[in-house]
Every structure is written in structure tokens, then in C-alpha cells.
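Asker: All residue numbers for the sequence shown refer to the numbering used here, where the first residue is 2 and numbers rise by one.
Submitted below is the structure of interest, expressed as C-alpha cells.
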Amino acid sequence: MPNNKKILILEDDAALVKALSQALEKEGYAVLSALDGDAGFKLIEEEKPDLIILDIILPRKSGHEVMQEISKREELKQIPVVVLTNLESSQDVDKMMRLGAKCYLIKSDHSLEEVVEKVKESLISP
2 MPNNKKILIL EDDAALVKAL SQALEKEGYA VLSALDGDAG FKLIEEEKPD LIILDIILPR
62 KSGHEVMQEI SKREELKQIP VVVLTNLESS QDVDKMMRLG AKCYLIKSDH SLEEVVEKVK
122 ESLISP
């Protein structure tokens, strides 16, 4: 049951990208991925995904830098961003939410199924 929604995963852990991609594809999403922030931002510009799953600690361009770039661009800032990271500090949470992230998930606190549910919620809620 394809739903024609495109999800971009920016994550440098290839095993997590694979597992998350499979879980999202099973739900009918088209999945793109990049292992570093630089390549990821290029994909955001080219593909205009329906939602972005973003880690903060990335090679070449951090998740913070990617969020700052997105927030400056009118045509990109309406794309929902789900932050999925190991960073738990309130400064990181505050910074990403201020920059426009839809939600902030700590990897160790959420199963793949919960992440997929957050993606679904983020795509339907304004």
C-alpha cells in the first residue's frame, strides 16, 4: 500500500539506517538516506522529502547545521523533522525544537516501531 510519502534518513549508523528503512518501507514509505550531513542536505534540496529523520552527530555537517540551513529556507522549513539521536541534553533538545524540529527522540528510549509511529504522527499533524 504505497502512500507516496518520501522519508529522508540522515544517520551515520548504517545498521540503524537499514533497519529503519525496512520498517518504513513496510509501511509503504519511499526511503532515501545519507550517512553524512553534507550529502543529506543536498538530498533535501534535490528531493524535497515529506519528512526528515535527523541525527545530530553526523560527519561533514552536524544535525544542528542541517537544521539551521533548513530553517533559513522558506521552501524547506515546512518539511517536518524528527530528530533521532543519542544526545539527551536539554540544550540540544531546546536548540533543535527552536529551529523547527517536530519532535526529539532519544535512540535508546524508542523502539523502531515507536519511531515509525512518530513519523506517521508527524506527517499528519500540522
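Think of the CB as a built atom: it goes at the ideal place given N, C-alpha and C, for glycine as much as any other residue.
Please classify residue 109: is it buried, with 16 or more other beta-carbons within 10 angstroms of its beta-carbon, or exposed?
Answerer: With fewer than 16 Cβ atoms within 10 Å of its Cβ, residue 109 is classed as exposed.
Asker: Taking the alpha-carbon positions, what's the residue 60 to residue 40 distance?
Answerer: Each residue's alpha carbon lies about 10 Å from the other.
Asker: With three or more beta-carbon pairs closer than 8 Å as the criterion, would you say the segment 42-49 touches the segment 17-24?
Answerer: Taking 8 Å as the limit for Cβ pairs, the verdict is that the segment 17-24 does not touch the segment 42-49.
Asker: Between which residues of its own chain and residue 119 is the CB-CB distance below 7 Å, once the five residues before and five after are set aside?
Answerer: So the qualifying residues of the chain are 83, 104, 106.
Asker: Can you look up residue 1 in the DSSP assignment and give me helix, strand or coil?
Answerer: No answer is possible for residue 1: the residues shown for the chain start at 2 and end at 127.
Asker: Are the beta-carbon atoms of residue 11 and residue 51 separated by less than 8 Å?
Answerer: No, the Cβ-Cβ distance between residue 11 and residue 51 is not below 8 Å.
Asker: Measuring only the C-alpha atoms, how far is residue 5 from residue 20?
Answerer: Going from the Cα of residue 5 to the Cα of residue 20 covers about 20 Å.
Asker: So, using beta-carbon positions, are residue 48 and residue 36 closer together than 8 Å?
Answerer: Going by C-beta atoms, residue 48 is not nearer than 8 Å to residue 36.
Asker: I think residue 101 touches residue 78, with their Cβ atoms under 8 Å apart; what is that distance to the nearest whole Å?
Answerer: The Cβ separation is near 6 Å, so the contact holds.
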